Amino acid sequence: MAENSAPPEEVVVPVPEEKNEAKEKEVVVTIPEAKNEAEEKEVAVLISEAKNEAKEKEAKEIPDDTTTTAAAATTNTSVAAKTDKMKIIVLSLTVLSFLLSFPILFSIAWLLYLRQYDCENLLDLPKLQLVIVIGLAIVFFVSNFVVKFGSRFPMLGLLLVVVPLILMLIVGLGLEGAFDMEARTIPGTPRWLEFRVDNDYNWKDIKSCLYATTTCRELALRSYTTKSFDFTASKLSSIESGCCLPPTSCGMEYVNATFWRKEDSTLDASNLLERDCDLWKNDETILCYNCQACKDGFLKPLLGKWQNIGTFLVVMAALLSVSHLLLFISTMWEQLRGYHKSKLIAHSF
């Protein structure tokens with residue numbers, strides 16, 4: 015009986031090996047030969063079980079496409095969120111840099127319409143003022159050009175805007191008097207102004223100009239009816255108090271604003287202000303025009319004006335430098351993130 019039995023039947027069950035491969039593994043399952051209807055059912059059950067085992071094995075070996083896609087989508091969403099946040103930062107810095115350039119535009123208009131002080135033109139300061147206006151106009155246009163087109167070439171844009179800003183900062187520091195002795199040759203600096211005014215040749219022209227303005231004559235006309243106890247130098251301009259009046263240390267008796275009665279007293283010749291007491295004359299053409307106090311009175315508004323311009327240049331150069339530097343860093347960071355994002359997306363597919 016056993017000798018006449020046929021060899022068992024072999025059934026080949028295909029099993030996919032990997033997701034991206036078309037070839038399939040073949041799992042050989044040995045099934046005994048069916049002798050009757052019951053055995054045929056048993057064979058069918060064995061085949062079904064073999065196929066189920068093959069499917070379970072495939073599920074374990076091959077990762078779920080849905081899980082992989084979801085993970086990739088989550089990563090892409092996170093990268094996109096960070097990129098959007100960086101774009102907002104770049105946009106904010108762009109707007110800030112643009113707005114910071116408007117004070118420069120206003121200062122250009124202010125300098126063009128700013129009234130010149132008496133005799134300021136003798137020191138060629140209006141020419142310096144015009145040069146500063148031209149420089150500010152260049153900074154304004156370069157700054158906004160970099161804001162608009164700098165994202166294409168960030169490094170070139172940064173270099174293009176930094177050079178005029180550094181020059182602007184140096185000029186501003188010079189006008190503030192930061193370089194002291196080194197600034198004697200830089201027009202508009204405190205040392206330069208002092209040297210020009212102390213020069214006898216220059217002062218001769220300035221003195222004639224101040225007399226031609228009739229400042230002291232107008233002061234005398236206003237003070238004819240003013241009593242000594244009502245007269246005070248605190249309400250006068252620096253030129254009026256320095257050039258039209260004797261120094262208070264001289265102790266002269268008030269008659270009117272431009273006429274003072276001297277008292278005999280011993281003065282310290284080493285004191286510049288007391289030396290001015292000897293230089294004072296009750297002559298309308300002389301008064302205290304040769305005094306050091308007159309030079310100081312002429313210098314005071316000029317120093318204040320140009321130091322204020324210098325402070326403005328320093329502040330604007332610093333603010334624009336910081337804003338453009340931050341804009342450059344954020345732009346480079348955004349481009350770097352965009353590059354990594356594109357690589358990540360390409361790798362996920």
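First residue of the sequence shown: 15, per the working numbering; consecutive thereafter.
We put the beta carbon where it would ideally sit given N, CA and C, even for glycine.
Computed from a prediction, not measured in an experiment: that's the story for all the values here.
Using beta-carbon positions only, say whether MET330 and ILE118 come within less than 9 Å of one another. As a position in the sequence shown, residue 330 is number 316, starting the count at 1. As a position in the sequence shown, residue 118 is number 104, starting the count at 1. Result yes, Cβ atoms of MET330 and ILE118 sit closer than 9 Å.
Which value, in whole angstroms, describes the spacing of the CA atoms of ASP310 and ILE253? Within the sequence shown, numbered from 1, the residue matching residue 310 stands at position 296. Within the sequence shown, numbered from 1, the residue matching residue 253 stands at position 239. Their Cα atoms are separated by approximately 8 Å.
Unbroken beta strand (DSSP E) run spanning ARG275, endpoints: Against the sequence shown, residue 275 aligns to sequence position 261. Here the beta strand (DSSP E) through ARG275 covers 273–275.
CYS308 and THR272: beta carbons closer than 9 Å? Stepping through the sequence shown from its first residue, residue 308 is reached at position 294. Stepping through the sequence shown from its first residue, residue 272 is reached at position 258. Cβ atoms of CYS308 and THR272: not closer than 9 Å.
Mind the definition here: the region 252–268 touches the region 309–326 only if three or more C-beta pairs lie below 8 Å; say whether that holds. yes
For ILE220, verify whether its CB is less than 8 Å away from any heavy atom of the ligand GDP. The ligand GDP is not among the ligands present in this structure, which contains no ligands whatsoever.
What does a CB cutoff of less than 8 Å around ILE152 pick up in its chain, not counting 5 residues either side in sequence? Here residue 152 corresponds to residue number 138 of the sequence shown, with the count starting at 1. Answer for ILE152: PRO178, listed in chain order.
Beta-carbon proximity list for GLU190, same chain, < 7 Å, skipping 5 on both sides: Numbered from its first residue, the sequence shown carries residue 190 at position 176. Taken in chain order, the residues that qualify are GLN321, GLY324, THR325 and VAL328.
GLN130 to THR108, Cα distance in whole Å? Here residue 130 refers to the residue found at position 116 when the sequence shown is read from its first residue. Here residue 108 refers to the residue found at position 94 when the sequence shown is read from its first residue. Their backbone Cα atoms lie some 37 Å apart in a straight line.
GLU254: first and last residue of the uninterrupted alpha helix (DSSP H) it sits in: Residue mapping note: residue 254 aligns to position 240 of the sequence shown, counting from 1. 252–257 is the span of the alpha helix (DSSP H), which, as asked, contains GLU254.
Between SER157 and LEU114, is the Cβ-Cβ spacing less than 9 Å? By 1-based counting over the sequence shown, the position of residue 157 is 143. By 1-based counting over the sequence shown, the position of residue 114 is 100. Yes, the pair counts as a contact, with Cβ atoms nearer than the cut-off.
What is the DSSP secondary structure of TYR268, counted as helix, strand or coil? Taking the sequence shown and counting its residues from 1, one reaches residue 268 at position 254. TYR268: strand per DSSP, three-state reduction.
Got a sec? Which residues, its chain only, sit under 7 Å from ILE103 by beta carbon, not counting five neighbours each side? Mapped onto the sequence shown, residue 103 falls at position 89. Here the set comprises SER344.
Curious, which full-length alpha helix (DSSP H) runs of at least 4 residues does the region 138–225 contain? 139–163, 168–190 and 204–212
So what does DSSP say about ILE365, is it helix, strand or coil? Residue 365 is absent from the model: the chain starts at 15 and stops at 363.
For ILE146 and LYS314, what's the separation of their Cα atoms in angstroms? Within the sequence shown, the letter at position 132 stands for residue 146. Within the sequence shown, the letter at position 300 stands for residue 314. Whole-angstrom Cα-Cα distance: 21 Å.
Where does ASP297 sit, in a helix, a strand or coil, going by DSSP? The count along the sequence shown starts at 1 and reaches residue 297 at position 283. In this structure, ASP297 counts as coil in the three-state DSSP scheme.
Can you grab the Cα-Cα spacing for the pair SER237 / LYS276, in whole Å? In the sequence shown, residue 237 corresponds to position 223, counting from 1. In the sequence shown, residue 276 corresponds to position 262, counting from 1. Looking at the two C-alpha atoms, the distance is approximately 19 Å.
Alpha carbon to alpha carbon, what distance is there between VAL211 and SER222? The residue labelled residue 222 in the question sits at position 208 within the sequence shown. The residue labelled residue 211 in the question sits at position 197 within the sequence shown. If I take the Cα positions, the gap works out to 13 Å.
Given a cut-off of 9 Å, decide if LEU301 and LEU137 are closer than it, judged by their beta-carbon atoms. Here the question's residue 137 lines up with position 123 in the sequence shown. Here the question's residue 301 lines up with position 287 in the sequence shown. For LEU137 and LEU301, no; Cβs fall outside 9 Å.
Can the beta-carbon of THR262 be found less than 9 Å from the beta-carbon of CYS133? Counting from 1 along the sequence shown, the entry for residue 262 is found at position 248. Counting from 1 along the sequence shown, the entry for residue 133 is found at position 119. No, they are not a contact pair.
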